[in-house]
Each structure stands twice: as C-alpha cells, then as structure tokens.
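Protein chains in written order, with the working numbering: chain A, 1 to 261; chain B, 1001 to 1450.
Each residue gets a CB set at the ideal place from its N, CA and C atoms; glycine is no exception.
On a predicted model such as this, the values are computed, not experimentally measured, just so you know.
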Amino acid sequence: MNNNRGNDPYYNRYRLNIVHLYPDLLNLYGDRGNIQCMRMRCKWRGIDAQVTECNLDDHLSLASADIVLLGGGSDREQQIVCTRLQKIRQDLRDYVEDGGSLLAICGGYQLLGHYYDTADGRMEGLSLVDLYTEQGSPRLISNIVLKNESLPDALPYEIVGFENHGGRTNIGSNTPLGRVLYGHGNNGKDACEGVLYRNVIGTYLHGPLLPKNPHVCDLLLQRALYRKYGVSLTDFPALDDSLEREANRAVVSRFHSPLAP
Amino acid sequence: MRPRTLLAVAAAKAALTACHLSGRPGSSLPGRAALKIDPHIIAPLAADIRRGIIVTCGTNGKTTTNNLLCSMLEAQGYRVVSNRLGANMVEGVAAAFATAAKGPLGYLDADFACLEVDEASAARVLQDLYPDCMILTGLFRDQLDRYGEIDLTMKALEKAILEAPDMTLVINADDPLTAYLAKKSAHRIVSYGVSEKVTENVDVIREGRFCENCGAPLRYDFYHFSQLGVYCCPACGFERPQIDYDASGIRLSPQLSFDVKESGTAPVKISAPLNGFYNVYNILAVYSVLREMNLPTDRFSEILRSFRPQFGRGEVFHLGTNGGQRVLLNLAKNPAGFNQNISAMLQDRSPKDLIIVINDNAQDGRDVSWLWDVDFDRLADETIRSITVSGLRALDMQLRLKYVEIDSERAPDVEKAIDERLKDGCENLYVLVNYTALYEAHKYLEGLEK
Ligand SMILES: [Zn+2]
C-alpha cells in the first residue's frame, strides 16, 4: 500500500476537494469512516484528495467543491444545522443541478427533502430532491443489505450497512439507491432504500457505508473526476479490494445463515 | 418477608447453583428467575442494608469505580453486596441481592450495597432502591443501537434521576452532559473534576459540545478527552459546577499519582498502581463518596495499592514458566474507552503485541460504526510489533486498520489469537476486547495462569 508515487504520472495531477459539512454537529455515526475511505482510495490511486471540514461558523463556498458529505446527527443537532443550511440553500441547489456530487446520510438525507415532520413540529428541508420524511415508531434499527440495481456503472455486488432511524422517508417516483433484501429501508414498507438524484446519493446506511461498499465510494469519485477533468476512474491504477469484498460478503452471508444476524 | 419474595430468593439460588454446575458466571440468570416470581424483589432486600446504598451510573468507568468502592469498604471491615462482575441491568441487580440473602427468612446481612446500574435500567432499579448516593461517571457515546442515540440515553437517565427520592449526586463535573443532568434535578450535588490541563488532546469526537440548556456551542478552556474539560456556555451562563474534589499535580506514569484538593483541608496525596487518565476519575469518584458519607479515607492509598482490577478492567495476567509473559486485558467498547486504552498502552514504551476482539452481539451493540471514530492511526507506533484481530466483526476491524494503512492478521477466535502471540510474541501482550468477548478472553487467560 505504501507505494512510492515519486514517478507516478498521475501524482498530484488530479485533485478532488471533499467538503465535510458540519462535522462538529453531524458526526453521530462514524462519518469519519466515509471521509477516510474517499481520502485513501484517492491516495492509493495517486489522486490528491483535499478534505475541508466546514464547521457551523465557517463560510461555505461550493465553487471549488467536488464532493460534499452531509452526515447525521441527533434531532436537536439536525435542527441547528437545518437553520444554518437554509441560508445557503440556493448555493446547494446550484451545486446539485450543476452535477456536483453529494453524499447525504441519515439526518443529512432527511434534510435533502422538503420537510421532516416530528412530534415536536416540522423541520424545513432544503428541497434539493423531491422527497419528504415523517417521524415513525419504532426506530428502524438493523443490519441491512440492498440489491444494487440502480447504480449505473458500478460493480454488481450488494450494498451493505447498518440503519438506525426514526424517520420514514417517501421518495415518490425518484430512483432508490437499492432494493431492500434484508432490513427496513426508507420507510419499512416499499422495499426501497435511499435515493439517487443527479449526482446525489441519499441513504440511511450510516457511518462506514463506503469502506464495505467500495463500489459506491468509487462511483462518487468517478463522477467527481469526470465532472472536473473528463477522465474515468478506470484510467487510474486498479485497487485490491479483496478485503473490502470479503467484509461485504460477510454481512450478506449472515442473512443466509440459519442464525439470525 | 413475604412468601413470594422468599420463593423468589430460593429460585435465584437454585438458578445460581445451576449456572455454577454448567460453568457459567451466573450474574444475570438468577435475577431473571427471581424477578419472574417477584417483580419487586429488590425493595424488601434493599431495606435490610444497614449503612448505605451507592449506585453508579454512566457509560464508562462504572465497573472499575464500583469495584474500587467495594474494595475500599471491604478493606475497612464492612460487609458489601454488589454486582461486581458488571451485570448491570435490572436482572443483575436482583441477582446480586437475591443470591446474597441468607437463612430461612432471606435476610440480607450487609452494611453497604454498591451497585453499578445501566442507564436503560436505572429508572426501573431506582423504583425499588433508595440510594443514599448516586455516582455519575460521565456520558459517552455508547452502544448506539440499543438506545437510539445519546439523547435517548440522557432521557432515560434523566427520568430516573428526576423521579428518584432525595439522594446525593456525586458527579464528574468535567462532563457537561452529566453536569446538566445533575443541575436539572433537585438533588444535592457533589462534584469532582480535574481543573488543570493534563494530556494533549488526542481524539476529535466531541459529542455534547453544545450546551444542553440552550443549544449554543460551549466554550472550552481545554479538553481532557472526548467532551470532558473545563467549559462554560457564553450564551446562557450554564457552566462547569464548582469542584468539591479537585485533582491536581497528575502524573500518569510509571503509575498514577495526584493530589486531591478539598476546600478547607490540606491536599491529600493519592497514588495507585493503575494506568490511564480515566482512572483518575474513577478514583476521585470513590474518594468523594467516602468523604461525603463520612467514611474514613486515611488508608485510601494503602488500600488502592492492593486493588487488583477485575474482570478485564486493566487486569494483568502473568503467564509462562516464570510468569515472564505479561498479558493485559482491557475492555474497550466505545470511542472514548478505546482512545483512552490506546493512550495508556502507548505510555508503555516497551515492545508489545496487540490483539483486538470486536463482537456485535446484542450486549455489545449491533452497530460497529463507532470503530471509525477511534483514533486507530495512533497504532502505527514502533513499539507495537504485531496486531491480530478477531471476533464476529474481525473483518470490520481489519478494514478499519487498512484505511489507516496498518497491516493486521486475522485469527478465528480469541484463544487462537492469544496462543499464537504467546508462542512467538514479545512477552508483552495487550488484549483489547469489547463486551461479550471479555468473558471468553478472561476465562481463557485465567485458565492459562493456573
Ligand atoms: Zn447555554
């Protein structure tokens, strides 16, 4: 893994700017894992990944952003973020409509939509994607496996993760991230999980979503690279993903075993 | 005593015997059997306690604090009932009481009850128990999927505390979440803390950085670890309580030592054969309780010296022909605990091997996303000669290490992992395990030591 990149023609020629939104508030479920995954998968390919942590009081500029991560927090923290984000709603819309990559998880996913209704009232969303969320009971907590049929250019293996959410999200006619094979998904009813809209991925699969789903990570990187440089990820050195795949398969196979996962 | 309670006591004892015969620890099952017969078995037995009942809550440090308190009291000749193996749900508390009851009338012959209680069980346990003191060690992110989120843990504990009859809350005032909880209640508050900067900040997860009272960001003079530190809220005036028992002059190696300042008295020197900054808090909590209950503390350091950490809380085993192989077993079940364990381990500058075991059974929490919030990059240290991962989530752990470019081996189970390192390691082995891996690792190491 510690290759000498000194003679690598790609080294530092390509740079991706990853913006991590409000890690001081939205970092409940190990979102650092997603950042770390993107960072290392860039590094191993000789792509320079710059991660900018944007905290609540920082000025946010999306002009140079290539990938934006909006993570999950508790309801109270989400409310604080929600108020803050309303001020840059138009900037975010322009970024998404221009094909910018955005990964939104848990609370961040709910914020993509029009609103999130809770017992304490309505939280206005960003209306970046046509979806809405209502609080439900009980919380949906489970390991989860998705059949990966929506990702256009990804490898055909499953998406695995862990979900823990009270909200029930309705994505209407949007494309889901995947079909639920095991677990609950968006609302526990329609067998859909997450949403895909332009280069936005919204999902309840939190924390280390990307390390065990390197195909999803690479999709984000691929789209960002293409938007910025017009190049494809396949132009870069291939990575050895055997450990990632083994970890992915291990979650899937738990559901095939007679012992409950 | 009511016949129903007597019957429940008998059932608990029968269950305990059955557990022992089948080689299990019997820390919860007898309680389950007793509660089935008498759901309020705790109340009449607790009424027999002569001197005091002390409950310990908080996400980290419960077991060590509670065991330390038991050792202190027992060393001074008191009889103590406790759940010191760490079975801290309502069943564990019921088991501790029921299996300790004596004679045909089920009398509980004890001066003190020292109980660690899980946050989710606190409301239920406090219905039947009237503690004199409750220690709150701090609230860290813990087993998220069992409670939903830390906010729910807070709510469960808050309910228990608000509804409990008058007691003294002995709190870790360096934790703003704990301080907020305590201040909201009408209970008398006694606080302990560390008002000087001791360690460089190592981790970046700061749950509870925002004022629980008004939502504004808290202002910190400095952090100790996680959200612990010296803080105040510039917006609403919420602040760290006045510290009643303040540790200063802290030294972390070769063993812990510090002074405790208490207003109106000269500082008291305390030293302990323990490692890790978090143990300063555990010791402070016990010291504060003893002082507040007017119990003697003149032999405090002396008793500490003979304290043997139990059941995987910094427990040391000496294996091999001359006991030359040192193995340290430690529970590490959330980011705060893991980061503190890594700090303590790296203070030992001799070569070492490391085994990490991660399970995701119900008691561990099914969700292992917290692994990504631990600063594992610090394991790239030249004193760490090898890392072996095992457990149900060994692959997750190995992947976590891969993403900080640290190589590791995988072993099918903890016994195999230990065997391998005893064979070819550097005679200094650290075993870090989460909850359900602890019993297995402990039992195996104990067997090897004999
Ligand atoms: Zn405030």
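Between the alpha carbons of residue i and residue j, how many angstroms are there, rounded?
| i | j | result |
| --- | --- | --- |
| Y1180 (chain B) | Y1223 (chain B) | 17 angstroms |
| D190 (chain A) | G178 (chain A) | 11 angstroms |
| L1395 (chain B) | I1387 (chain B) | 13 angstroms |
| G167 (chain A) | Q36 (chain A) | 27 angstroms |
| C1133 (chain B) | V1170 (chain B) | 7 angstroms |
| Y1192 (chain B) | D1174 (chain B) | 8 angstroms |
| R15 (chain A) | D218 (chain A) | 15 angstroms |
| Q1143 (chain B) | A1362 (chain B) | Because the pLDDT at Q1143 (chain B) is just 48, under 50, the model does not fix this residue reliably, and the point stays unresolved. |
| D1244 (chain B) | K1423 (chain B) | 50 angstroms |
| L1129 (chain B) | Q86 (chain A) | 49 angstroms |
| T1059 (chain B) | E1116 (chain B) | 11 angstroms |
| I1205 (chain B) | G1323 (chain B) | With a pLDDT of 49 at I1205 (chain B), under the threshold of 50, the modelled position of that residue is not reliable, and no figure is offered here. |
| A1411 (chain B) | T133 (chain A) | 43 angstroms |
| M1293 (chain B) | I1355 (chain B) | 41 angstroms |
| S1257 (chain B) | Y1278 (chain B) | 13 angstroms |
| N3 (chain A) | F1317 (chain B) | Confidence in N3 (chain A) is poor, its pLDDT being 46 and thus under 50, which makes the residue's placement too unreliable to answer from. |
| I1283 (chain B) | K1416 (chain B) | 35 angstroms |
| G72 (chain A) | L1401 (chain B) | 23 angstroms |
| F1225 (chain B) | V251 (chain A) | 33 angstroms |
| Y95 (chain A) | K1333 (chain B) | 40 angstroms |
| E1409 (chain B) | Q1398 (chain B) | 8 angstroms |
| D24 (chain A) | S1195 (chain B) | 24 angstroms |
| K1013 (chain B) | V1093 (chain B) | 14 angstroms |
| L1448 (chain B) | C1233 (chain B) | 52 angstroms |
| I1358 (chain B) | C192 (chain A) | 30 angstroms |
| P1025 (chain B) | A1018 (chain B) | 10 angstroms |
| R1124 (chain B) | V1090 (chain B) | 7 angstroms |
| I1189 (chain B) | L1371 (chain B) | 34 angstroms |
| S242 (chain A) | L1126 (chain B) | 51 angstroms |
| R1209 (chain B) | T1321 (chain B) | 50 angstroms |
| D49 (chain A) | N1275 (chain B) | The sequence shown places Ala at residue 49 (chain A), not Asp. Looking at the two C-alpha atoms, the distance is approximately 38 angstroms. |
| T1005 (chain B) | A1011 (chain B) | 10 angstroms |
| D1367 (chain B) | L1445 (chain B) | 27 angstroms |
| N248 (chain A) | N1434 (chain B) | 22 angstroms |
| R84 (chain A) | L111 (chain A) | 12 angstroms |
| S137 (chain A) | C1211 (chain B) | 28 angstroms |
| L1152 (chain B) | R93 (chain A) | 33 angstroms |
| D1166 (chain B) | D1353 (chain B) | 49 angstroms |
| V1120 (chain B) | E97 (chain A) | Note that residue 1120 (chain B) is Ala in the sequence shown here, rather than Val. Cα to Cα, A1120 (chain B) sits roughly 45 angstroms from E97 (chain A). |
| Y210 (chain A) | R1378 (chain B) | The amino acid occupying residue 210 (chain A) in the given sequence is Leu; Tyr does not appear at that position. Rounded to whole angstroms, L210 (chain A) to R1378 (chain B) spans 22 angstroms at the Cα level. |
Assuming residue i contacts residue j under a Cβ cut-off of 8 angstroms, what Cβ separation, rounded to an integer in Å, is found between them?
| i | j | result |
| --- | --- | --- |
| K212 (chain A) | E244 (chain A) | 6 angstroms |
| M123 (chain A) | Q78 (chain A) | 7 angstroms |
| I1135 (chain B) | T1065 (chain B) | 6 angstroms |
| Y157 (chain A) | V81 (chain A) | Not confirmed; about 33 angstroms, so no contact. |
| E1427 (chain B) | Q1325 (chain B) | 5 angstroms |
| A1096 (chain B) | A1008 (chain B) | That pair is no contact at about 14 angstroms. |
| L1069 (chain B) | I1053 (chain B) | In fact, because the Cβ distance is near 12 angstroms, the residues do not count as touching under 8 angstroms. |
| N199 (chain A) | G100 (chain A) | 6 angstroms |
List, in order along the chain, the chain A residues whose C-beta lies closer than 8 angstroms to that of residue i?
| i | result |
| --- | --- |
| S1306 (chain B) | Going along chain A, no residue has its Cβ under 8 angstroms from S1306 (chain B), so there is no contact; the nearest lies around 40 angstroms. |
Find the residues of chain A that neighbour residue i, judging by a C-beta separation of less than 9 angstroms, and give them in chain order.
| i | result |
| --- | --- |
| G1237 (chain B) | What G1237 (chain B) touches in chain A: nothing, since even the nearest Cβ is about 19 angstroms away. |
| R1251 (chain B) | Those within 9 angstroms of R1251 (chain B) in chain A number zero; the least Cβ separation is about 32 angstroms. |
Using a cut-off of 7 angstroms between C-beta atoms, extract the partners of residue i located in chain A.
| i | result |
| --- | --- |
| L1395 (chain B) | E246, A247, A250 |
| D1373 (chain B) | G30, R32 |
| D1118 (chain B) | Result: empty, since nearest Cβ-Cβ is about 18 angstroms, beyond 7 angstroms. |
| R1349 (chain B) | What R1349 (chain B) touches in chain A: nothing, since even the nearest Cβ is about 24 angstroms away. |
Going along chain B in order, which residues have a C-beta closer than 8 angstroms to the C-beta of residue i?
| i | result |
| --- | --- |
| E77 (chain A) | F1210 |
| L243 (chain A) | L1395, Q1398, L1399, K1402 |
| N143 (chain A) | R1366 |
Give the interface partners of residue i over in chain B, defined as CB-CB distance under 9 angstroms, in chain order.
| i | result |
| --- | --- |
| D24 (chain A) | R1206, R1209, F1210, P1217 |
- Using a beta-carbon distance cut-off of less than 8 angstroms, what residues from the segment 198 to 221 of chain A approach chain B? H206, G207, P208, P211, K212
- Contacting positions in the segment 31 to 51 of chain A - beta carbon closer than 7 angstroms to chain B: R32, G33, Q36, C37, M40
- Could you run through the segment 1397 to 1415 of chain B and flag, in chain order, every residue whose CB is less than 7 angstroms away from some CB of chain A? Q1398, L1399, K1402, Y1403, E1405
- Message: Short of 9 angstroms Cβ to Cβ, which residues in the segment 79 to 112 of chain A face chain B?
- Response: Q79, I80
- Chain-ordered residues, beta carbon under 6 angstroms from a heavy atom of ligand 1: B:C1211, B:N1213, B:C1214, B:A1216, B:C1233, B:A1235, B:C1236, B:F1238
- Item | Contact set between the segment 171 to 202 of chain A and chain B, restricted to residues whose Cβ is under 9 angstroms from the partner | none
- Task: For the segment 1289 to 1323 of chain B, enumerate the residues whose C-beta is nearer than 7 angstroms to any C-beta of chain A, in chain order.
- Result: none
- Near-chain A residues of the segment 1210 to 1232 of chain B (beta-carbon distance less than 8 angstroms), N- to C-terminal order: F1210, G1215, P1217
- Message: For the segment 1168 to 1194 of chain B, list every residue whose C-beta sits within 9 angstroms of some C-beta in chain A, in sequence order.
- Response: none
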